[in-house]
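S.K.: Input: one structure, supplied below.
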Amino acid sequence: TLPCLPGARPCIPKDFGHGSLVCVCNATYCDTLDPLVVPAPGSYVKYESSKAGKRLERSEGKFQSSLSTRGLLLTLNISTLYQHVKGFGGSLSDAAAMNILKLSQPAQDNLLRSYFSESGIEYNLIRVPMACSDFSVRPYSYDDVPKDYELKHFRLADEDVKMKV
Numbered sequence: 001t002l003p004c005l006p007g008a009r010p011c012i013p014k015d016f017g018h019g020s021l022v023c024v025c026n027a028t029y030c031d032t033l034d035p036l037v038v039p040a041p042g043s044y045v046k047y048e049s050s051k052a053g054k055r056l057e058r059s060e061g062k063f064q065s066s067l068s069t070r071g072l073l074l075t076l077n078i079s080t081l082y083q084h085v086k087g088f089g090g091s092l093s094d095a096a097a098m099n100i101l102k103l104s105q106p107a108q109d110n111l112l113r114s115y116f117s118e119s120g121i122e123y124n125l126i127r128v129p130m131a132c133s134d135f136s137v138r139p140y141s142y143d144d145v146p147k148d149y150e151l152k153h154f155r156l157a158d159e160d161v162k163m164k165v
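Right, dumping it as structure tokens:
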């Protein structure tokens, strides 16, 4: 595992124009979050990002048992669970892998730490497209031989071996 950095490091914004700010993450610096702490019963923690410059800004609050002010009413019934959340993550496409591999090793470490560590957003799942996708540089599949139902000609593409596996 990658080492975790203690405590939060603020976003250093970079403006690419068109109203899009991003946080700098390179070989020497990447913003981080404070470690996640589960709030007390009846309380919540909210992280908010915005075009105006908020970047996972943390705030806390308490749930109310009844609506005392005007506004949005969110009703939670914690006695009935409809699904289990296994985790959160993103997609590792050919394009993403190519861009990550172009970074220096320290920049790669910072980037991956920002996604997967306790000082980052703590992803624990990754979706990997099977064969090519719309984020590949060329079309390819794993077996283009007609009627090869036993998949005798199945082979991973170079992109999969070098960038995904």
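Anchor point for the sequence shown: position 4 equals 4 in the UniProt record's numbering, and the numbering is continuous, going up by one each time. Each residue gets a CB set at the ideal place from its N, CA and C atoms; glycine is no exception.
Whose C-beta lies closer than 8 Å to the C-beta of L2 among residues of the same chain, with five residues either side of it excluded?
M.R.: Counting from one through the sequence shown, the residue named residue 2 turns up at place 2. Confidence at L2 is low in this model, with a pLDDT of 42, below 50, so the placement of that residue should be treated as unreliable; the coordinate-derived value is given next. Closer than 8 Å at Cβ, skipping near neighbours: D109, L112, R113, F116 and S117.
S.K.: So for P10, helix, strand or coil by DSSP?
M.R.: In the sequence shown, residue 10 corresponds to position 10, counting from 1. Of the three classes helix, strand and coil, the one that applies to P10 here is coil, per DSSP.
S.K.: According to DSSP, simplified to helix, strand and coil, what is S114?
M.R.: Here the question's residue 114 lines up with position 114 in the sequence shown. Reduced to three states, the DSSP call for S114 is helix.
S.K.: Ignoring anything shorter than 4 residues, give me the alpha helix (DSSP H) runs that lie fully in the region 27 to 110, in order along the chain.
M.R.: Taking only runs of at least 4 residues, the alpha helix (DSSP H) segments lying wholly in the region 27 to 110 are 94 to 102.
S.K.: Shortest alpha-carbon distance to G61 belongs to which of L125, V38 and R155?
M.R.: In the sequence shown, the residue the question calls residue 61 occupies position 61. Residue V38 is the option with its Cα nearest to G61.
S.K.: Using 10 angstroms around the beta-carbon of L33, count the other beta-carbons present and answer buried if the total reaches 16, otherwise exposed.
M.R.: Numbered from its first residue, the sequence shown carries residue 33 at position 33. Label assigned to L33: buried.
S.K.: Counting along the chain, where does the beta strand (DSSP E) carrying V161 start and finish?
M.R.: In the sequence shown, the residue the question calls residue 161 occupies position 161. Taken as a continuous stretch (DSSP letters only), V161 belongs to no beta strand (DSSP E), being part of the alpha helix (DSSP H) at D158 to M163.
S.K.: Alpha carbon to alpha carbon, how far is I12 from S50? Give it in angstroms, no decimals.
M.R.: Stepping through the sequence shown from its first residue, residue 50 is reached at position 50. Stepping through the sequence shown from its first residue, residue 12 is reached at position 12. Roughly 15 Å between the two C-alpha positions.
S.K.: In whole angstroms, what is the alpha-carbon distance linking R9 and G71?
M.R.: For the purposes of this step, residue 9 is taken as residue 9 along the sequence shown, with counting starting at 1. For the purposes of this step, residue 71 is taken as residue 71 along the sequence shown, with counting starting at 1. So the alpha carbons of these two residues sit roughly 34 Å apart.
S.K.: Here's the rule: buried if 16 or more other CB atoms are within 10 angstroms of the residue's CB, otherwise exposed. What is E159?
M.R.: Here residue 159 refers to the residue found at position 159 when the sequence shown is read from its first residue. Answer is buried; the Cβ neighbour count reaches 16.
S.K.: Using the C-alpha atoms, what's the distance from L125 back to P139?
M.R.: Sequence index remark: in the sequence shown, residue 139 carries index 139 (1-based). Sequence index remark: in the sequence shown, residue 125 carries index 125 (1-based). One C-alpha to the other measures close to 25 Å.
S.K.: Let's see if you can read the secondary structure: which residues bound the beta strand (DSSP E) around V22?
M.R.: In the sequence shown, counting from the first residue as 1, residue 22 sits at position 22. Taken as a continuous stretch (DSSP letters only), the beta strand (DSSP E) holding V22 covers L21 to C23.
S.K.: Return the residue from the list S43, Q105 and R127 that minimises the CA-CA distance to E29.
M.R.: As a first step, residue 29 is located in the sequence shown; it is residue number 29 there, counting from the start. Here the sequence assigns Tyr to residue 29, which means Glu is not the residue at that position. Comparing Cα-Cα distances from Y29 to each of S43, Q105 and R127, the minimum goes to Q105.
S.K.: Answer yes or no: do D15 and C23 have a C-beta to C-beta separation smaller than 8 Å?
M.R.: On the sequence shown, position 15 is the one that residue 15 refers to. On the sequence shown, position 23 is the one that residue 23 refers to. Cβ distance not < 8 Å, so D15 and C23 don't count as in contact.
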